[in-house]
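A quick write-up on the structure given underneath.
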Amino acid sequence: MSALARLARLRVPLGFAAAAMAFLLASPTWTTWRLGLVVALAGEAVRVWAAGHLEKSREVTRSGPYRWTQHPLYVGSSVMAAGVVVAANSTIVAVVVAIYMVATLTAAIRTEEAFLRQAFGDQYDQYRRREGVPMTRRFSLERALRNREYRAVLGLALGFGLLALKALLL
Numbered sequence: 790m791s792a793l794a795r796l797a798r799l800r801v802p803l804g805f806a807a808a809a810m811a812f813l814l815a816s817p818t819w820t821t822w823r824l825g826l827v828v829a830l831a832g833e834a835v836r837v838w839a840a841g842h843l844e845k846s847r848e849v850t851r852s853g854p855y856r857w858t859q860h861p862l863y864v865g866s867s868v869m870a871a872g873v874v875v876a877a878n879s880t881i882v883a884v885v886v887a888i889y890m891v892a893t894l895t896a897a898i899r900t901e902e903a904f905l906r907q908a909f910g911d912q913y914d915q916y917r918r919r920e921g922v923p924m925t926r927r928f929s930l931e932r933a934l935r936n937r938e939y940r941a942v943l944g945l946a947l948g949f950g951l952l953a954l955k956a957l958l959l
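Structure (structure tokens):
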């Protein structure tokens with residue numbers, strides 16, 4: 790397994806470590822917490838929308854946000870991370886989160902693209918060149934749940950709950 794593939798596979802445990810570090814270094818105020826929550830919820834909305842269109846490993850999805858961006862789940866994650874940075878109100882947290890996001894998402898994207906190219910060949914290349922016909926699939930909450938997006942929702946709730954607790958204690 791390549792170093793990129795290992796880093797992609799470790800992004801969840803590394804995310805927990807980055808979140809713990811962010812919590813310890815955070816200095817949230819109620820103003821930064823509220824603003825960060827709004828930003829993070831916007832990111833989660835993008836993720837839910839994407840997860841409600843995605844049939845992982847079964848096809849090259851071209852509906853919903855996949856019509857405009859190749860990696861809407863990662864776009865949503867990046868917006869969520871920006872919300873955490875705003876809520877945490879810490880330059881050090883911003884640096885830690887930026888390093889984590891750039892390293893792990895770059896690895897995940899490269900690994901995922903290699904898989905999709907191998908699995909779907911020319912169909913994926915057409916999608917990348919924006920030559921494929923868009924799908925007309927509707928959003929499905931059942932699909933989003935099947936893609937386990939509820940885990941990101943729960944993680945977001947837990948993270949902002951802990952930041953609220955820290956804001957209360959500061």
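Under the working numbering, think of the first position of the sequence shown as 790, with each following residue one higher. Ideal Cβ positions, reconstructed from N, Cα and C, are used throughout, including at glycine. It should be emphasised that the depicted structure is a prediction, and the values quoted were computed from it without experimental measurement.
Next item on the list: Would you kindly report the start and end of the unbroken alpha helix (DSSP H) that includes Val875?
Entry: Counting from one through the sequence shown, the residue named residue 875 turns up at place 86. For Val875, the enclosing alpha helix (DSSP H) stretches over residues 861-877.
Item checked: Backbone secondary structure at Trp857 - three-state DSSP -> Taking the first residue of the sequence shown as 1, we reach residue 857 at position 68. Taken through DSSP and simplified to helix, strand or coil, Trp857 comes out as coil.
Next item on the list: Using 10 angstroms around the beta-carbon of Trp822, count the other beta-carbons present and answer buried if the total reaches 16, otherwise exposed.
Entry: For the purposes of this step, residue 822 is taken as the residue at position 33 of the sequence shown. By the neighbour-count criterion, in which a residue is buried when 16 or more other Cβ atoms sit within 10 angstroms of its Cβ, Trp822 is buried.
Item checked: Cβ-Cβ distance between Leu824 and Val875 below 8 Å -> Sequence index remark: in the sequence shown, residue 824 carries index 35 (1-based). Sequence index remark: in the sequence shown, residue 875 carries index 86 (1-based). In this structure, Leu824 places its C-beta atom within 8 Å of the C-beta atom of Val875.
Note to self: For Gly804, report the span of its alpha helix (DSSP H) as first-last.
What the structure shows: As a position in the sequence shown, residue 804 is number 15, starting the count at 1. For Gly804, the uninterrupted alpha helix (DSSP H) segment begins and ends at 800-814.
Notebook entry, point to check: Are there 16 or more other CB atoms within 10 angstroms of the CB of Trp857, so buried, or fewer, so exposed?
Noted result: Within the sequence shown, residue 857 is the residue found at index 68, counting from 1. Under this definition Trp857 is an exposed residue.
Margin query: Quick check: what's the CA-CA separation for Pro817 versus Ser879?
Written below: Residue numbering aside, residue 817 sits at position 28 when the sequence shown is read from its first letter. Residue numbering aside, residue 879 sits at position 90 when the sequence shown is read from its first letter. Their Cα atoms are separated by approximately 8 Å.
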